[in-house]
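Under the working numbering, think of the first position of the sequence shown as 1, with each following residue one higher. Below is one structure, written out as structure tokens; the observations come after it.
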Amino acid sequence: MTRSGPSPLPPLLQIDGNRYSRDSLPRDVQDLVLQLQRADAVLAHWRRDVLVLKTARTDLQRRLGAGLAGLPSQAEATTPTPTPSPEPSPEPEPASETPAARAGAVRRAKDRVKGLFRRFGGGRED
């Protein structure tokens with residue numbers, strides 16, 4: 001059986017360079033530390049989701065380029081159609097947040113992308 005929720009506080013906490021005994025902290029301060037742990041867990045989850053979405057977008061962009069490779073372009077048209085300006089490049093993730101920094105993260109990201117394709121692409125993964 002798995003348990004949900006934050007892990008219990010360790011007996012000795014280090015906050016802003018100062019050490020505190022868990023038992024010496026008031027209950028409301030202990031609750032604040034637990035809420036901070038929950039917030040950190042949510043942020044870590046969102047970071048993973050962003051990495052998965054970036055991977056999916058990159059793959060979709062690659063597949064679009066491959067699909068358009070054999071088609072003639074409209075470069076010869078007399079009236080050029082306006083093209084949307086390219087999106088600004090996203091800021092690079094810190095080295096500790098890249099999938100290569102964590103063992104198995106690439107495999108998990110690919111599995112999640114496949115799941116997203118199945119969910120939103122009608123089951124097609126070609």
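The beta-carbon is built from N, C-alpha and C at its ideal position, and this holds for glycine as well. Only a predicted model underlies this, so the values are computations on that prediction, with no experimental measurement involved.
In this chain, the alpha helix (DSSP H) harbouring leucine 116 covers 105 to 120.
For the pair leucine 9 and arginine 27, the CB atoms are not nearer than the 8 Å cut-off. In the DSSP assignment, leucine 12 falls within the beta strand (DSSP E) that extends over 12 to 15. Residue pairing by DSSP places arginine 19 opposite Gln14 in a beta bridge.
The beta carbons of valine 113 and valine 52 sit about 6 Å from each other, so the pair counts as a contact at 8 Å.
Per DSSP, leucine 51 is one residue of the alpha helix (DSSP H) stretching across 27 to 68.
Our two residues, glycine 115 and arginine 63, have alpha carbons roughly 17 Å apart in a direct line. Assignment of serine 24 by DSSP, reduced to helix, strand and coil, places it in the helix class.
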